[in-house]
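**Q** Heads up: the sequence lines are chains A and B, in that order.
Counting from 1, position 42 in the first sequence corresponds to residue 130 in the working numbering; the numbering is continuous, with no gaps.
Counting from 1, position 380 in the second sequence corresponds to residue 381 in the working numbering; the numbering is continuous, with no gaps.
For each residue, glycine too, the CB sits at the ideal point set by N, CA and C.
This one's a predicted model, so the numbers in the text were calculated from it and none came from an experiment.
The structure's right below; bear with me while I get my questions together.
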Amino acid sequence: MRESAVIRPAVGRILWGYVFIYLDINLGRLNILPDALGYLLILQALASLKEIRPSAGLLKTPGTVIAVWEAGRWILSLAGAELDGPALLQAAGYLIGVLSLYFHFQLLGDLAGIAAEHGYEQSVAGPLRRLRNTRTVLMTLLLLPFPWQESEGLILLILGILLFLILWTFLALGAMRRAFAEEDENGDK
Amino acid sequence: MSNIYEYLAQTLSVSAAALFLLILKRCFADKLSPRWQYGVWSLLALRILLPIDVSRNILLPIPLWIESFKSAAEAGIDSAWSGVYRPISLRHILPAPDGLPQSLSDWLFLVYAIGVMAMLISYAVRYGMLRNRLRRGRPLSPHTAARMETLCEVYGLKACRAVEVRGLKTAFVCGWLRPVLVLPEDTPVEDKILLHELLHLHYHDAAQNLFWCILRALHWCNPFLHFVFDRIGNDLESLCDQRVLERLDGEERRAYGAILLSMASEKYARMPATSSISNGGRNVARRIEAIVRFKQFPRGMALVSVCMTLVLAFPILAGTQDPMEGRDLTPDNPAAFARSMAMTRLNRCTTAAGALDTWAKGILWENGLFLAAASPIERQEALEAQMREQNNGAYGFLIDSGSELSMADTTGGYWLFNLEEHPDGRVSALLAFRVIRFPDGVSPEMDRLNAEIDSRPLSVGYVLFCVEAAPTPDGYAVTEIGERSLHAAPQEELSYENSGIPMLFTLEETGETGRVRVDVRTVHWVDDDIRRANVGLDSNVTFPVPMVPDADFSGHQVWTYAKYFYGENPDGALPEQSAGLQIIRLDSPEDSVDFPPPVEIGPEAWGSSSSSSGYASAFVRVSGDPYGCVMSGSGSGDRNSGSEWPLIPHRYAIRVFRDGKAAEDFLLEYKEDADA
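As C-alpha cells, this is what we get:
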C-alpha cells in the first residue's frame with residue numbers, strides 16, 4: 089500500500105483530533121467536543137503512522153495518559169466539578185502539562201518529518217515545524233503561573249494569539265492532507 | 002536549620018521533588034535525550050539548596066505535616082532547639098544547633114549534624130588517600146601517551162596529567178582543580194575508554210560529582226535520597242556515553258557497548274570528585290540498553306526540553322498549592338484543630354493589611370484560630386489554652402472580644418480609622434466594630450449608651466479598638482495598644498465630624514480675623530471584602546470567610562473638616578451677616594496656592610460646595626452668637642491605593658470671608674507630630 093494512502097487519512101484524523109482539542113461547544117455543562125475524543129482520534133492516526141515513522145509510536149503512552157486525564161475532566165465537568173484541589177492532583181496536572189508539551193511537539197515534528205521525506209519541505213514541513221515551535225513556546229508561557237488574567241490587554245493579546253494558532257494548525261494540517269491527497273491521486277493515475 | 006523537624010521538612014520536601022522527577026523521567030526514558038535526563042536534575046539541586054521557607058509546599062503540604070507532628074511530639078517535653086509553639090522556619094540549609102541539647106529531638110538533630118560533618122570528613126580523607134596513592138603512579142607509557150594525544154587532537158579535547166597505577170581495574174578521572182587521569186597499569190585501556198574519560202574531564206564531571214557528594218552528605222540519613230543520588234551519578238555516566246557515541250559511528254558504537262558489557266560484573270565504590278566509566282553491574286546493563294536505543298536526537302528537541310524544564314521549575318522550586326488549606330479555619334475535631342493551629346504558625350500574615358484583616362475577623366467571628374494567625378507567636382499557647390477551655394464543639398471558638406461586642410453586628414464588618422504607618426514598619430489604627438446594642442447591666446457606661454441608642458432612631462453602638470500591626474521575624478502580628486472606647490450614634494451620622502471617632506490629626510492657626518482649624522480623619526479598607534456599599538459606618542460589608550494573610554489596602558478615604566471661628570479675632574468683632582471659608586489641599590511643596598479670584602461673594606451667600614478646580618467652600622449666616630464656626634462640606638472622595646494623591650496633603654490653604662469679602666488667608670502645614 090502506498091504510504092500516501094496511509095498518511096492522508098491519518099492526517100485527516102489528526103486534524104479532526106485538533107478540532108476536538110481546540111474547540112469547545114458547551115450545552116450547559118456538556119461539552120460536545122470533548123478533548124479526550126480528540127486525543128483518541130490522534131492516537132488512532134498514530135497507530136497507522138507508526139509503520140512509516142517509528143518514533144510516532146513513542147507518543148502512544150503519553151497520548152493515552154492525556155486522553156484518560158481529559159476524560160476524567162470531562163466527566164467531572166458534567167457534575168460541575170474540577171480536577172483540582174488536593175496537592176497530588178495539582179502535581180498530576182503539572183505532569184500532564186509537561187506530557188502535553190512533549191506530545192504535541194513530537195507529533196507535529198513527526199508530521200513535519202514525514203512531509204519532508206516525501207518532498208514537501210517548503211510547503212508543509214517548514215510551516216509545521218514553525219507551528220510546532222510557536223505552539224510550544226506559547227503553551228509554555230501559559231503553563232507558567234504568571235498572573236496573565238490581571239491585565240485585560242494581555243488577555244486579549246493571548247486570546248488573539250491562540251486564535252491565530254488554532255487557525256494556523258488547521259491550515260497547516262489541511263495543507264498536508266491536500267498534498268498527500270494529490271500524491272495519492274497522482275499515484276492512482 | 003536548627004532542629005530535627007526543620008531537617009525533616011527539608012529532606013521530605015526534597016524527596017517529594019525527587020520522586021516527581023523520577024516519575025517524569027520514567028515517562029520520558031526513551032523519548033528525551035540523556036542530556037535532558039541528567040540536566041533535569043539541576044532542578045533538584047536548586048531545590049536542595051533552597052530552604053523550604055522560600056516555597057512552603059513542594060507538591061505536598063509537608064511543612065504542615067511536620068509542624069503538626071512536632072506539636073504532638075514536643076508536647077510535654079522541654080527542648081532547647083524546638084517547641085510546640087515555635088514554628089519550623091528554615092532560613093538556610095546547613096545544620097546549626099545553638100546551645101546544648103536537652104531532649105531526644107535535640108539529640109537526634111545533633112546526631113544528624115555530626116553525621117553531616119563525619120560524611121564530609123570521610124570524603125576528604127578518602128580523597129586524600131586516593132591522591133596519595135596516585136602520587137605513586139607511573140607516568141603513562143609513551144605508546145599510551147601518544148594514543149591519548151591523538152585522541153585529544155581528533156576530538157578537540159584537552160588532556161591533563163595522567164598516571165598508570167597498579168592494582169586498579171578501571172580508568173577514572175580524579176580531582177577537579179588539578180585533575181589526574183588514572184589508568185590501570187596492568188590492563189590495556191581501549192581508545193574508547195580513554196575518550197570516555199577525556200569527555201568526563203572536558204565537561205568537569207568530577208566537579209559535578211563532588212557537588213552531588215556534598216548534597217548527599219546533607220541528606221545522609223535519607224535512604225531514598227541516597228538512591229536518587231546514585232541515579233544522578235548513573236545519568237551522568239549515561240550522558241557521557243551519549244557524548245562518546247555521538248563521536249563514534251557504526252561498528253565503533255557496538256564495540257563501545259561490548260566494552261561496557263565486559264565491565265558489567267564489576268563492583269563500584271563511589272568516590273567524591275571522581276568519575277569512572279564503570280559504575281556497577283546493574284547500572285552498566287542499563288547503559289547498554291540506552292546504547293542500543295541510541296539515536297541522534299534531533300536538534301529541535303532542545304526547545305521542548307528547555308520548555309518542559311521551565312514548566313517543571315515552578316512546582317519544584319516555587320511550590321504548588323496555596324499553603325492555606327482550608328483557610329476558613331473551622332475545625333470540628335481535635336486532630337483538625339491541632340492541624341489548624343499548626344497552619345496558623347506556618348502561615349503568618351505577610352502584610353499589615355492582612356494581619357489587621359485577619360485579627361478583625363477573629364474578633365468579629367469569635368474565631369481564635371484567626372486571632373492566633375494574626376497575633377504574636379508568643380500568644381499562641383495562651384490562645385490555644387483558651388480555645389480548649391471554651392470549646393463547645395467548635396474547636397476554634399474563642400470569645401476574645403469582650404462583652405462589649407457580645408451583640409456585634411457581623412454584617413457590619415469592621416473599619417480601619419486613622420491608619421498610620423510608622424518609620425519602623427509598625428502600622429497603627431483604630432479598629433471599629435458596629436454593635437446592635439450593648440449588653441444590659443454590665444456597666445453604667447453601656448447602660449447610658451443603650452439609652453441613647455433606644456432614644457434616637459436608627460442608632461447603633463460602636464466599639465473602637467486601638468491596635469497596632471508590627472513586623473516580626475514571623476510576619477506581621479497585631480496587638481491592642483490602648484483602651485477600647487464605646488460610642489453610640491445614629492448610623493447615618495457616624496461619618497460626621499462629631500461622631501465621636503477621634504481625628505487623625507488637627508491643625509490650627511489664629512490670625513487677625515479669627516481662628517481656623519482643620520481636622521482630618523481617614524478610613525482604609527482592605528482588598529478582600531466582597532462588597533462594600535460605601536465606607537461609612539452605615540454600610541454593610543461582606544467578607545469572604547477564608548483568611549487572607551497577604552491582603553493589601555485597596556483604598557482609603559480622607560475626611561477633612563475645616564472650621565473658621567470668626568468670633569475669635571483680637572477685637573472680638575463679629576461679621577454682620579455671613580462668614581465663610583474656602584479650603585484648598587496642597588499635596589506637594591511645589592503646589593501653589595490658587596484661590597479663585599477674590600470676587601465678592603455677597604453678604605447673603607451661604608451654603609457649601611466643592612469645586613472641580615480643587616477647593617471646597619462653605620458659608621454660614623451669622624446668628625448673633627459671640628463666635629461661630631463654618632465647616633467644610635467636602636469630606637472626601639474615594640481614592641484607590643496607588644493613586645498619585647498622597648494620603649495626607651503637605652499643606653492646607655484656607656481663605657476666610659466676612660460678610661462676603663475675602664478677609665484673610667491661612668496656610669496650615671502638616672507636620673508628623675500634629676496629633677489630634
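Rounded to whole angstroms, what's the CA-CA distance from M447 (chain B) to D358 (chain B)? Just pull it up for me.
**A** 26 Å
**Q** List the endpoints of the continuous beta strand (DSSP E) containing Y653 (chain B).
**A** R652 to R659 is the extent of the beta strand (DSSP E) around Y653 (chain B).
**Q** Looking at chain B, which residues of the segment 90-123 of chain A have a Cβ within less than 8 Å of any of its Cβ atoms?
**A** none
**Q** May I have the straight-line CA-CA distance separating G40 (chain B) from P377 (chain B), to the nearest angstrom?
**A** Using only the alpha carbons, I get a separation of about 44 Å.
**Q** Using a beta-carbon distance below 8 Å, is V186 (chain A) in contact with chain B?
**A** yes
**Q** Taking V305 (chain B) as the query, report the chain A residues whose CB atoms sit under 8 Å from its CB, ordered along the chain.
**A** L189, Y190, F193, Q194 and T224
**Q** What are the boundary residues of the beta strand (DSSP E) that includes L465 (chain B)?
**A** S460 to T473
**Q** Verify the CB distance criterion: does D31 (chain B) have a CB-CB separation below 8 Å to chain A?
**A** yes
**Q** Taking the straight line between their C-alpha atoms, what separation do you get for V307 (chain B) and P233 (chain A)?
**A** In this structure, the CA atom of V307 (chain B) is about 17 Å from the CA atom of P233 (chain A).
**Q** Using a Cβ-Cβ cut-off of 6 Å (strictly less than) and excluding sequence neighbours within five positions of L231 (chain A), which residues of its own chain qualify?
**A** G185
**Q** In the structure shown, what three-state DSSP assignment does P503 (chain B) receive?
**A** coil
**Q** Got a sec, what are the start and stop residues for the beta strand (DSSP E) L1 (chain B) sits in?
**A** No information on residue 1 (chain B) is available, as it lies outside the stretch 2 to 677 that chain B covers here.
**Q** Would you list, in chain order, the members of the segment 227-251 of chain A that have their beta-carbon closer than 7 Å to a beta-carbon of chain B?
**A** T228, L231, L232 and P233
**Q** How about L182 (chain B) and C161 (chain B): do their beta carbons lie closer than 8 Å?
**A** In contact: L182 (chain B) and C161 (chain B) (Cβ atoms closer than 8 Å).
**Q** Is the separation between the beta-carbon of M149 (chain B) and that of L195 (chain B) shorter than 8 Å?
**A** Yes.
**Q** DSSP state of T12 (chain B), grouped into three classes?
**A** helix
**Q** Does the CB of R640 (chain B) have a neighbour CB from chain A at under 8 Å?
**A** Any reading at R640 (chain B) must be qualified, since the residue scores a pLDDT of 46, below 50, and its modelled position is unreliable; the value itself is stated next. False, the Cβ-Cβ gap to chain A never drops below 8 Å.
**Q** Checking the sheet assignment: what are the DSSP bridge partners for Y415 (chain B)?
**A** According to DSSP, which records beta bridges pairwise, Y415 (chain B) is partnered with B:F434.
**Q** Would you say F315 (chain B) lies against chain A (beta-carbon separation less than 8 Å)?
**A** yes
**Q** At a cut of 8 Å, does the segment 450-462 of chain B reach the segment 327-342 of chain B through at least three beta carbon pairs?
**A** no
**Q** Alpha carbon to alpha carbon, how far is E469 (chain B) from V428 (chain B)?
**A** 6 Å
**Q** Residues of the segment 497-521 of chain B with a CB closer than 8 Å to any CB of chain A: list them in chain order, please.
**A** none
**Q** Please confirm whether T345 (chain B) and D551 (chain B) have their CB atoms less than 8 Å apart.
**A** no
**Q** Does the contact criterion of 3 or more C-beta pairs under 8 Å hold for the segment 206-225 of chain A versus the segment 253-260 of chain A?
**A** yes
**Q** Using only the alpha-carbon positions, how far apart do L240 (chain B) and R36 (chain B) sit?
**A** 6 Å
**Q** Under 9 Å between beta-carbons, which chain B residues line up against P150 (chain A)? List them in chain order, please.
**A** C28, F29 and K32
**Q** Taking 8 Å as the CB-CB limit, is G197 (chain A) close to chain B?
**A** So, interface residue.
**Q** How is K138 (chain A) classed by DSSP in three states: helix, strand or coil?
**A** coil
**Q** Can the beta-carbon of A343 (chain B) be found less than 8 Å from the beta-carbon of L65 (chain B)?
**A** yes
**Q** Thinking P445 (chain B) and E513 (chain B) are a contact (beta carbons under 8 Å), I'd like their distance in whole angstroms, please.
**A** The C-beta distance from P445 (chain B) to E513 (chain B) rounds to 46 Å, too long to meet the 8 Å contact threshold.
**Q** Of all the residues that make up the segment 129-155 of chain A, which are near chain B by a beta-carbon distance shorter than 9 Å?
**A** S143, L146, L147, T149, P150 and V153
**Q** Report the three-state DSSP secondary structure of G643 (chain B) (helix, strand or coil).
**A** Low per-residue confidence applies at G643 (chain B): pLDDT is 45, beneath 50, and the placement is therefore not dependable enough to give any value.
**Q** Could you have a look at N368 (chain B) and say whether DSSP puts it in helix, strand or coil?
**A** strand
**Q** Could you list which residues in chain A have their beta carbon closer than 8 Å to that of L311 (chain B), in chain order?
**A** T228 and L232
**Q** Provide the residue(s) that pair with V524 (chain B) in DSSP beta bridges, ordered along the chain.
**A** B:F418 and B:Q558
**Q** Which residues does DSSP pair with G512 (chain B) in a beta bridge?
**A** B:G515
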